[in-house]
Amino acid sequence: MRTIRYRWLAVTAVVFGIAGWLVNAWATRNGYPAPVLNLTALLTLAFIVGFTLFLGLRVRRWRDGNREKQLDPIAAARTLVLAQATAYAGALLLGWHGGIFLDQVGLWEMRPNHAPTWASLAMSAGGIIMIATGLLVERFCKLPPEDKNSGENNMPDDGGEYA
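Below, the structure is given as C-alpha cells:
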C-alpha cells in the first residue's frame, strides 16, 4: 500500500474549498441557507476519530512488541485504509467548510445570524483533526525498517513497510 500523498490531500481541500465557496455564494444570493453540516455532526466526527485511534493504537501496541495476541493482517490493513479514508474525508470537510467560512466572513457585517459562520469554522476544525488522526494512525501502521546491512533491499524508500 502507498502512503498518503500530502499533495492529494491539499488538492482535495482546495478543490472542495472552491466548490464550497461557489455553492455557498450561489445559495446565499438566491435565498437558500448556507450548506453547512449541523454542529451535531461533530459527534459523528468524534466517533470516527476515536474509533480510528482505537484501532491504530491496537496496531501500534503490536508493532512495538506487545504480541500477546496475534494481530490479524487483514485487520491491520483495514486499519490503514480507515486511517487514509479518515484523512481524505477530513480534507474534504476542511475544504468545503473552509470555502463556506471564507464566503460567510465577507457577509459578517450584513447579517445578524452568524450560526453558519461558526458552524463552518467548527467543521473546518473537525476536518483538521480528522486529517491529523488519519496521518497519525497511518504512522502507527508502519513497521520499522529491518537491518539494512542485509543484501536485499525490499523496503519502500521511506524506511518501512506496513503491518
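Numbering-wise (numbering that gives the first Met the number 0), the sequence shown opens with residue 0 and increments by one. Ideal Cβ positions, reconstructed from N, Cα and C, are used throughout, including at glycine.
Contact between the region 59 to 66 and the region 120 to 128 is defined here as three or more beta-carbon pairs at a separation below 8 Å; is this criterion met? The answer is no - the region 120 to 128 does not touch the region 59 to 66, with fewer than three Cβ pairs under 8 Å.
Consult DSSP for residue 36 and reduce its assignment to one of helix, strand or coil. coil
Is there contact between the region 29 to 42 and the region 70 to 78, where contact requires at least three CB pairs shorter than 8 Å? no
Just to confirm my understanding: we take residue 16, look at its own chain, exclude 5 residues before and 5 after, and list those with CB closer than 6 Å. What are they? The beta carbon of residue 16 sits closer than 6 Å to the beta carbons of 94, 97 and 98 from its chain, once the five residues preceding and following it are set aside; these are given in chain order.
Evaluate residue 23 with the Cβ neighbour count: other Cβ atoms within 10 Å of its Cβ, from every protein chain shown; 16 or more gives buried, anything less gives exposed. That one is buried.
Sort out for me which residues DSSP pairs residue 52 with in a bridge. Looking at the DSSP assignment, residue 52 forms no beta bridge with any residue, so it has no partner.
Can you check DSSP and say which residues form a bridge with residue 68? For residue 68, which the question treats as bridged, DSSP gives no partner whatsoever.
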